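Visitor:
Protein chains: 2
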Amino acid sequence: MNHFSFYSPTKVIFGKGVADQIGTETKAWGGTKVLIHYGGGSVVRSGLLDRVKKSLDESGIAHVELGGAVPNPRLGLVYEGIDLCRKEGVDFILGIGGGSAIDSAKAIAIGVPFEGDVWDIYLNKVKETDALPHANIITLAATGTETSSSSVITNEEGWLKRGHNSPFNRPRFTLMDPELLYTLPPYQTACGIVDIMMHTMDRYFSHGGTNEVTDRIAEVILRTTIQYGKICMEDPENYEARSEVMWAGSLSHNHLTGLGLPGDWAPHQIEHELGGMFDVAHGAGLSAIWNSWASYVYDADPMRFARFGVNVWGLDMNWQDPSVTAREAIRCTVDFFHSIGMPVTTTELLGRETTEEEMQELAVKSTYFGARKLGNMKVLEEKDILEIYRNAR
Amino acid sequence: MNHFSFYSPTKVIFGKGVADQIGTETKAWGGTKVLIHYGGGSVVRSGLLDRVKKSLDESGIAHVELGGAVPNPRLGLVYEGIDLCRKEGVDFILGIGGGSAIDSAKAIAIGVPFEGDVWDIYLNKVKETDALPHANIITLAATGTETSSSSVITNEEGWLKRGHNSPFNRPRFTLMDPELLYTLPPYQTACGIVDIMMHTMDRYFSHGGTNEVTDRIAEVILRTTIQYGKICMEDPENYEARSEVMWAGSLSHNHLTGLGLPGDWAPHQIEHELGGMFDVAHGAGLSAIWNSWASYVYDADPMRFARFGVNVWGLDMNWQDPSVTAREAIRCTVDFFHSIGMPVTTTELLGRETTEEEMQELAVKSTYFGARKLGNMKVLEEKDILEIYRNAR
């Protein structure tokens, strides 16, 4: 088990109706004037926004609002939120909705006390030293951002998508009510299932030595997400299934499943550029490129993929040739993605083949224009990444 | 999955040599003058105390010392620590050593700003509203107190042992170095293994409904502790084995393994009185009464014990009669405790049979003199508890 550091201070309150605790919790954490940041109309239509405002009013907490966060949340809206908070004297940020609303709430929280351009923090040019406290109500089981240290923002100029990891991104609290997921469209539920699996798999598939507590927890998260994810697709108002997947989603990305492992993360980084260029849902982008990535790298450590097959998919081990089990495990994963309606090629994702020119642009952007290589299972250069985009068509 | 709240904000730094980071970490968390609280001579003999003082000196942090914490840590020493901190103007507490040093460090941290008698907090007569910040270096894989919200103190007057759970008990950080466990006597290693298992099992054995993420993580913690615990006994300087058990120990008691379940806790509460009366090691007390407890309650939910047998001990399920698998699982657990040198009866624990008078006193103390019942798997009154003490001989 390699050296690690684990810090996940977010308080989780989980269960039916917990959204109505937002006033008392915000007050307990010291908020007096909050920004309510949300996405599209579903938070309004479901009545959640009204419940939030009522709860804040009852606790005597003033509030201003900013809607409009979209998937692959935009830098422009972050700037708008920062200006609004400064003008209104906001001291606490609430992200209400899916991953996008919460990721941009985090960016706003960091941006308010920061004197320079918050985008420079996402470009790793400078580090923040402070942030407003923030918290959230998550209406999706997917990104894990409700407790994670990360936030991903897209700059509309050049459609660059960049992630930022920082202890300041950790929310003070999150209110998780599985009933809020009942009305999700099936496509979003499926994207979330892929996202949870990929947060776990991008940590799991790396060369890390003996690491059994971490590896076995990762396998539990995957098995449970697959088992109950299927039930969520068939029976969207099944509370038990929504609960299991929602809690698995948080644990998949609070870093518990990666402790003592370096992680790979190439699939995420390869997808980020797809999402930035084509504005596709993150989970769908991940499932569209995973087969190509896994098939390209598995021979670097067939035993790791074979273990995944045995412990996650319940395969019988081929002791003569673990590569057979490894390939079978990849096939099971791809078949599962397909079975919940997710694309497994970029052609399925986009409705057309990517052009050679597009793929070359995606590959060079993935390497930050030659500044980095990707991955740990197999270290990938631009030519490898291009090949993965090609095989993903 | 029932409603739950999860708050585990302690920062964990894990790996070889991390103890030397105590100066920089304490400084980062705002400590300027610390109390170093430790137990017996092993922290001195191993050179750890000198390393701690050197690291604090290098970070310019003033320090005073208080040694002498013993297993089942005493209230008298807690009072002494509170007085010392007030006199010296200490603003940060460091517990260095096993569970006892850390539990009494927590009691001191709560006691310093508290105007009344800190024991009243342990008696649930009054609640604290503040505490000094505290952190620790743990030299045992056992109690989980390095990240947990609990602390257990024994009052020498009447030998009452009482636990206190509070968010103020959560340490700011913990430094976990598996190498510090190499020199533990085998008996202490074994007691720790039992303690880790029991923190998990006392949460696991309860009627909680569907709760797969939690249940499966609990099973992982148990399997890994059993597998690598054996290796720790045979090869005390095996870094991988010490790592796995040490990290499992923290996760067993930060409450991850009990989310959405009410927990049972009767074995802990039954043991607490044994520990208070006979001053035995907590892990040894737990293993001495577990067989009697499990045999008394398993028929309330044989499927739960059968699942434990299949998923933790790798037993084949008896589909005709799950009670058979349940009893086999209890037998496997007892045999394992024996195999690592732990007592499985109170007679083995104490070297003599408990008297009827002693058992009656233990039973009435367990119920807080009639004020409570114990357990969830089966709710236990004084007569049941007496029977469990009798069967444990």
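Residue numbers (this note's numbering), protein chains in the order written: chain A, 1 to 393; chain E, 1 to 393.
No residue lacks a Cβ here, since even glycine has one placed at the ideal position from N, Cα and C.
Keep in mind it's a predicted model, so treat the numbers as computed, not measured.
Taking only three categories from DSSP, how would you classify residue 364 of chain E?
Guide: Helix at residue 364 of chain E.
Visitor: Would residue 4 of chain A pass as an interface residue toward chain E - the criterion being a Cβ-Cβ separation below 7 Å?
Guide: Chain E contact via Cβ: present.
Visitor: Jot down the residue ranges of each uninterrupted alpha helix (DSSP H) in the stretch 51-129 of chain E, minimum 4 residues, whole runs only, in chain order.
Guide: The qualifying runs are 75-88, 99-111 and 118-122.
Visitor: For residue 153 of chain A, which residues does DSSP report across the bridge?
Guide: Paired residues: A/162.
Visitor: Could you compute how far the alpha carbon of residue 348 of chain E sits from the alpha carbon of residue 244 of chain A?
Guide: About 43 Å.
Visitor: I want to know whether the stretch 268-285 of chain A touches the stretch 181-194 of chain A - three or more CB-CB distances under 8 Å.
Guide: Short answer: they touch.
Visitor: Go to residue 389 of chain E, then tell me how far its alpha helix (DSSP H) extends in each direction, as first and last residue.
Guide: Looking at the DSSP string, the run of the alpha helix (DSSP H) that includes residue 389 of chain E is 382-391.
Visitor: Determine, using beta carbons only, whether residue 197 of chain A and residue 181 of chain A come nearer to each other than 7 Å.
Guide: Not in contact: residue 197 of chain A and residue 181 of chain A (Cβ atoms no closer than 7 Å).
Visitor: Taking the alpha helix (DSSP H) that residue 373 of chain E belongs to, which residues open and close that run?
Guide: Taken as a continuous stretch (DSSP letters only), residue 373 of chain E belongs to no alpha helix (DSSP H), as it is neither H nor E.
Visitor: Can you find a CB in chain E that lies within less than 7 Å of the CB of residue 421 of chain A?
Guide: No statement about residue 421 of chain A is possible, as the shown extent of chain A runs from 1 to 393 and does not include it.
Visitor: Straight-line CA distance for residue 83 of chain A to residue 276 of chain A?
Guide: Roughly 25 Å separates the two Cα atoms.
Visitor: Expressed to the nearest angstrom, what Euclidean distance is found between the alpha-carbon atoms of residue 40 of chain A and residue 200 of chain A?
Guide: Rounded to whole angstroms, residue 40 of chain A to residue 200 of chain A spans 28 Å at the Cα level.
Visitor: In whole angstroms, what is the alpha-carbon distance linking residue 116 of chain E and residue 103 of chain E?
Guide: If I take the Cα positions, the gap works out to 19 Å.
Visitor: Going by beta-carbon coordinates alone, are residue 340 of chain E and residue 233 of chain E separated by less than 7 Å?
Guide: Result yes, Cβ atoms of residue 340 of chain E and residue 233 of chain E sit closer than 7 Å.
Visitor: Can the beta-carbon of residue 333 of chain E be found less than 7 Å from the beta-carbon of residue 392 of chain E?
Guide: Cβ atoms of residue 333 of chain E and residue 392 of chain E: not closer than 7 Å.
Visitor: To which residues does DSSP link residue 225 of chain A through a beta bridge?
Guide: For residue 225 of chain A, which the question treats as bridged, DSSP gives no partner whatsoever.
Visitor: Pick helix, strand or coil for residue 4 of chain A, following the three-state DSSP scheme.
Guide: In the structure shown, residue 4 of chain A sits in a strand (DSSP, three-state: E or B).
Visitor: With DSSP run on the structure shown, which of helix, strand or coil describes residue 190 of chain A?
Guide: Residue 190 of chain A: helix per DSSP, three-state reduction.
Visitor: Who pairs with residue 176 of chain A in a beta bridge, going by DSSP?
Guide: For residue 176 of chain A, which the question treats as bridged, DSSP gives the partners A/14 and A/138.
Visitor: Between residue 1 of chain A and chain E, is the shortest Cβ-Cβ distance under 7 Å, so that the two count as touching?
Guide: Cβ-Cβ to chain E under 7 Å: yes for residue 1 of chain A.
Visitor: So is residue 127 of chain A buried or exposed if we call it buried at 16+ other beta carbons inside 10 Å?
Guide: Exposed, by the Cβ-count rule.
Visitor: What is the residue span of the beta strand (DSSP E) that residue 253 of chain A lies within?
Guide: From DSSP, residue 253 of chain A is part of no beta strand (DSSP E); its letter is neither H nor E.
Visitor: Using DSSP with H/G/I as helix, E/B as strand and the rest coil, what is residue 34 of chain E?
Guide: Strand.
Visitor: Measure the beta-carbon distance from residue 33 of chain A to residue 91 of chain A and round it to whole angstroms, keeping in mind my assumption that it falls under 8 Å.
Guide: Right, their Cβ atoms sit about 6 Å apart.
Visitor: Helix, strand or coil for residue 344 of chain A per DSSP?
Guide: Here residue 344 of chain A sits in coil by DSSP.
Visitor: Taking C-beta pairs closer than 7 Å, name the residues in chain E that residue 243 of chain A reaches, listed in chain order.
Guide: Within chain E, the residues near residue 243 of chain A are 1.
Visitor: In whole angstroms, what separates the C-alpha of residue 43 of chain E from that of residue 98 of chain E?
Guide: Roughly 9 Å between the two C-alpha positions.
Visitor: Return the CA-CA distance between residue 20 of chain A and residue 67 of chain A, expressed in angstroms with no decimal places.
Guide: Cα-Cα distance, rounded: 20 Å.
Visitor: Please report the straight-line C-alpha distance between residue 163 of chain A and residue 157 of chain A, rounded to a whole angstrom.
Guide: Taking the straight line joining both Cα atoms gives about 16 Å.
Visitor: Relative to the alpha-carbon of residue 218 of chain A, which residue among A/227, A/129 and A/204 has its alpha-carbon at the smallest distance?
Guide: Minimum Cα distance to residue 218 of chain A is reached at A/204.
Visitor: Tell me which residue opens and which closes the alpha helix (DSSP H) that residue 292 of chain A is part of.
Guide: Segment 282-297, the alpha helix (DSSP H) holding residue 292 of chain A.
Visitor: Using a threshold of 6 Å, is the CB atom of residue 375 of chain E nearer than that to any non-hydrogen atom of the ligand SAM?
Guide: For the ligand SAM, the structure offers nothing, since it holds no ligand at all.
Visitor: Mark residue 165 of chain E as exposed unless 16 or more other C-beta atoms lie within 10 angstroms of its C-beta, in which case mark it buried.
Guide: Classification for residue 165 of chain E: exposed.
Visitor: Distance, Cα to Cα, residue 317 of chain A vs residue 308 of chain A?
Guide: Straight-line Cα distance between these residues: approximately 10 Å.
Visitor: Does any C-beta atom of chain E lie closer than 7 Å to the C-beta of residue 230 of chain A?
Guide: It does not; no Cβ of chain E falls within 7 Å.
Visitor: Kindly list the residues whose CB is nearer than 7 Å to the CB of residue 58 of chain A, restricted to its own chain and excluding five residues on each side of it in sequence; keep chain order.
Guide: Once the five neighbours on either side are set aside, the close Cβ partners of residue 58 of chain A are 23.
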